[in-house]
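Engineer:
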DNA sequence: AAGTGGTCTAGACCACCCC
DNA sequence: GGGTGGTCTAGACCACTTA
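Protein chains in written order, with the UniProt record's numbering: chain A, 1 to 294; chain B, 1 to 294.
(1) Taking only the alpha-carbon atoms, compute the straight-line gap between residue 242 of chain A and residue 61 of chain A and give it to the nearest angstrom.
(2) Rounded to a whole number of angstroms, what is the C-alpha to C-alpha distance between residue 199 of chain A and residue 213 of chain A?
(3) Strictly below 7 Å CB to CB, what residues from chain A border residue 114 of chain B?
(4) Can you give the beta carbon distance from residue 164 of chain A to residue 264 of chain A, rounded, assuming they're within the 8 Å contact cut?
(5) Buried or exposed for residue 205 of chain B, going by 16 or more other Cβ atoms inside 10 Å?
(6) For the UniProt domain "HTH gntR-type" (50-118) of chain A, which residues have a CB atom closer than 8 Å to at least one CB atom of chain B, in sequence order?
(7) Under 8 Å between C-beta atoms, does residue 283 of chain A make it to chain B?
(8) By how many angstroms is the C-alpha of residue 54 of chain A removed from the C-alpha of residue 274 of chain A?
(9) Can you find a C-beta in chain A that's less than 8 Å from the C-beta of residue 274 of chain B?
(10) Check this for me: beta carbons of residue 233 of chain A and residue 71 of chain B, under 8 Å apart or not?
(11) With distance defined between alpha-carbon atoms, name the residue in A/192, A/102, A/97, A/76 nearest to residue 177 of chain A.
(12) If I follow the unbroken beta strand (DSSP E) through residue 230 of chain A, where does it start and stop?
(13) Mind checking residue 140 of chain A: buried by the 16 CB within 10 Å criterion, or exposed?
(14) Roughly how far, in whole angstroms, is the beta-carbon of residue 172 of chain A from the beta-carbon of residue 211 of chain A, given that I think they are within contact range, below 8 Å?
(15) Please say whether residue 252 of chain A and residue 271 of chain A have beta carbons closer to each other than 8 Å?
(16) Please determine, among A/109, A/151, A/85, A/143, the residue with the shortest C-alpha to C-alpha distance to residue 185 of chain A.
(17) Any beta carbon from chain A within less than 8 Å of residue 190 of chain B's own beta carbon?
(18) Taking a Cβ distance cut-off of 8 Å, strictly less, list which residues of the region 214-239 of chain A are near chain B, in chain order.
(19) Span of the beta strand (DSSP E) holding residue 269 of chain B?
(20) Excluding the five sequence neighbours on either side, which residues of its own chain have a C-beta within less than 6 Å of the C-beta of residue 69 of chain A, listed in chain order?
(21) Measure the C-alpha to C-alpha separation of residue 146 of chain A and residue 179 of chain A and round it to an integer number of angstroms.
(22) Could you confirm whether any beta carbon from chain B is found closer than 8 Å to the beta carbon of residue 250 of chain A?
(23) Mind checking who residue 114 of chain B pairs with in its DSSP beta bridge?
(24) Could you tell me which whole beta strand (DSSP E) segments of length 3 or greater appear in the region 137-183 of chain A?
(25) Relative to the C-alpha of residue 277 of chain B, which candidate in B/86, B/113, B/99, B/133 has its C-alpha closest?
(26) Tell me whether residue 280 of chain B sits in a helix, a strand or coil according to DSSP, three-state version.
(27) For residue 158 of chain A and residue 170 of chain A, what's the separation of their Cα atoms in angstroms?
(28) Beta carbon of residue 181 of chain A, beta carbon of residue 228 of chain B: below 8 Å?
Written as structure tokens, this is what we have:
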């Protein structure tokens, strides 16, 4: 009568009264309000504000993280999972798709779903997007800090206007900072945002605040960052800020960050001290189905 | 979703059905052509080997590329598109999701679907993953070429073994190349692949062949590339290969490429001449739903 | 209140893998 | 053949936006 969740953790799903682990994994899922006679249905419930497919994905993810599902293991068939989780197959597949995107699962057509090694600790160490300065600092347990060189609005020059798709002369908020970790200068960050997009910018103290966070709080949905990365010799102007000899290598990262409608929001040029910083990211490739001949 | 190629595989996709005529079915949004004459039903046909949702996505994409749908424009409501394309709403939404991931569309809950400026020419110039050497060459209309310095199998050292999660001493195929564009040296590429994963490697002529393509042809499904990028001074050994003075800046790109099960397949270290190369990529950020209080 | 996207379902058929 | 994932449908309800 009790439906089991996978192999090792039969207790999590279908058991009404104990069932604490799943409840927490999924969300509120208040069990007290349970109908009392429908144990299996208690697995995932509509009480939670999260969509079912997110909940389902979380349940499976937590099983993996917990170690109940080892890499290489096969998952139960989709139709069986549907029964256990009490959701439709379409919904389950949406949950599985999410986990594929996160690198936690992979499927083979006639064979089944398999746990794929990554997706847990590895995933967190290799972000799918560029690790931000603040994130790096946190990972290395260093204290991030900024020295503000300029934080003021000025009319946009021709070049800046073109870069951000705005009219020349439009008020542009400039933020130039030296970024430090534990008081060691790591990079020079030269950013510009059209003032109209976040009028409160001049009032923020950027010695500690994160520009990215301020923009998100302003309701901007930053979705894409077109980037170029190159290696250069540091020039006499920048060298003292980074405490480098002129001619030493620096890493140049230039980004134009766009919102969901493709509108440029932020232009940023970061000059990292070559010897003190290293960009980290993980590129993924969607599984393709391009058979050359069927 | 974001997210997709990191190798020289841009041209692999087998486009069999050109399907140009269908295009009008979507763009014209002609309300008068109701159920009366049934022209819309001919829009997508099951004769094609491609799934319907791919076909639908291609139709919309071609409308955007063609300019029939300008950035900022609103698409017809989903239910109407379904009727025009003669597919179910679930299928249509899968097609739309693909276009969102490509950055061509975006949706707002109660408002509708909007064309988002990017996704056409821009998209092609800003790949979601690192532009490969071959792709860069093609974009710049230069001729790529390699000088092979080493192409041989050797037992894996301790470091190599750890990097690739194999036993020390396992046969490892080493491929060291100088990569050139129009006969100008651009980079040194030092790669290593466990021989067992592609036993034919030693027989390939890498003066012209692409290592990625060979691995794909061997049936390996390369899915993820954990990467670090840094800036260094070129050392006396590498300098002559790149025709640089010792101490000049180079860009160091190190990647460990994994297959779908998370197994490391390829380790590659590329040293780009700082003055002659610039990495290009477009990072995407998943829309997040981290409200602190619901 | 009407329009629109977001979620979910139950059931169907097909294509692939392995016995 | 039987099991399994991949695709597709028609219809339903909910949540958000706009009026």
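The beta carbon of each residue, even a glycine, is placed where N, CA and C say it ideally should be. This one's a predicted model, so the numbers in the text were calculated from it and none came from an experiment.
Structural biologist: Reading off the structure:
(1) By 1-based counting over the first chain, the position of residue 242 of chain A is 242. By 1-based counting over the first chain, the position of residue 61 of chain A is 61. Each residue's alpha carbon lies about 43 Å from the other.
(2) The residue you call residue 199 of chain A lines up with position 199 of the first chain. The residue you call residue 213 of chain A lines up with position 213 of the first chain. About 14 Å.
(3) For the purposes of this step, residue 114 of chain B is taken as the residue at position 114 of the second chain. 261, listed in chain order.
(4) Taking the first chain and counting its residues from 1, the one referred to as residue 164 of chain A is at position 164. Taking the first chain and counting its residues from 1, the one referred to as residue 264 of chain A is at position 264. The pair is a contact, with the Cβ atoms about 4 Å apart (cut-off 8 Å).
(5) Position 205 of the second chain, counting from 1, holds the residue named residue 205 of chain B. Result: exposed.
(6) 71, 72, 90, 101, 103, 106, 114, 116, 117, 118
(7) Within the first chain, residue 283 of chain A is the residue found at index 283, counting from 1. Yes, its Cβ sits closer than 8 Å to a Cβ of chain B.
(8) The residue labelled residue 274 of chain A in the question sits at position 274 within the first chain. The residue labelled residue 54 of chain A in the question sits at position 54 within the first chain. Answer to the nearest angstrom: the Cα atoms are 41 Å apart.
(9) Here residue 274 of chain B refers to the residue found at position 274 of the second chain. It does; some Cβ of chain A falls within 8 Å.
(10) Numbered from 1 along the first chain, position 233 holds the residue referred to as residue 233 of chain A. Numbered from 1 along the second chain, position 71 holds the residue referred to as residue 71 of chain B. No. Outside cutoff.
(11) For the purposes of this step, residue 177 of chain A is taken as residue 177 along the first chain, with counting starting at 1. With distances taken between Cα atoms, residue 177 of chain A lies closest to A/192.
(12) Within the first chain, numbered from 1, the residue matching residue 230 of chain A stands at position 230. Note, residue 230 of chain A: beta strand (DSSP E), 222-233.
(13) Locating residue 140 of chain A in the first chain gives position 140, counting from the first residue. That one is exposed.
(14) Within the first chain, residue 172 of chain A is the residue found at index 172, counting from 1. Within the first chain, residue 211 of chain A is the residue found at index 211, counting from 1. The Cβ separation is near 14 Å, so there is no contact.
(15) Indexing the first chain from 1 puts residue 271 of chain A at position 271. Indexing the first chain from 1 puts residue 252 of chain A at position 252. Going by C-beta atoms, residue 271 of chain A is nearer than 8 Å to residue 252 of chain A.
(16) Sequence index remark: in the first chain, residue 185 of chain A carries index 185 (1-based). Comparing Cα positions, the closest option is A/143.
(17) Working through the second chain from its first residue, we reach residue 190 of chain B at position 190. Residue 190 of chain B does not count as touching chain A.
(18) 221, 222, 223, 224, 225, 226, 227, 228, 229, 230, 231, 232, 233
(19) On the second chain, residue 269 of chain B is found 269 positions in, with the first residue counted as 1. Segment 264-273, the beta strand (DSSP E) holding residue 269 of chain B.
(20) Here residue 69 of chain A corresponds to residue number 69 of the first chain, with the count starting at 1. So the qualifying residues of the chain are 63, 115.
(21) For the purposes of this step, residue 146 of chain A is identified with residue 146 of the first chain, where counting begins at 1. For the purposes of this step, residue 179 of chain A is identified with residue 179 of the first chain, where counting begins at 1. Using only the alpha carbons, I get a separation of about 5 Å.
(22) Within the first chain, residue 250 of chain A is the residue found at index 250, counting from 1. At least one chain B Cβ lies under 8 Å of residue 250 of chain A.
(23) Position 114 of the second chain, counting from 1, holds the residue named residue 114 of chain B. Looking at the DSSP assignment, residue 114 of chain B forms a beta bridge with B/74, B/106.
(24) 144-155, 171-181
(25) Numbered from its first residue, the second chain carries residue 277 of chain B at position 277. Measuring from the Cα of residue 277 of chain B, the nearest candidate turns out to be B/133.
(26) In the second chain, counting from the first residue as 1, residue 280 of chain B sits at position 280. Correct three-state label for residue 280 of chain B: strand.
(27) One-based indexing of the first chain puts residue 158 of chain A at position 158. One-based indexing of the first chain puts residue 170 of chain A at position 170. Whole-angstrom Cα-Cα distance: 10 Å.
(28) Position 181 of the first chain holds residue 181 of chain A. Position 228 of the second chain holds residue 228 of chain B. For residue 181 of chain A and residue 228 of chain B, no; Cβs fall outside 8 Å.
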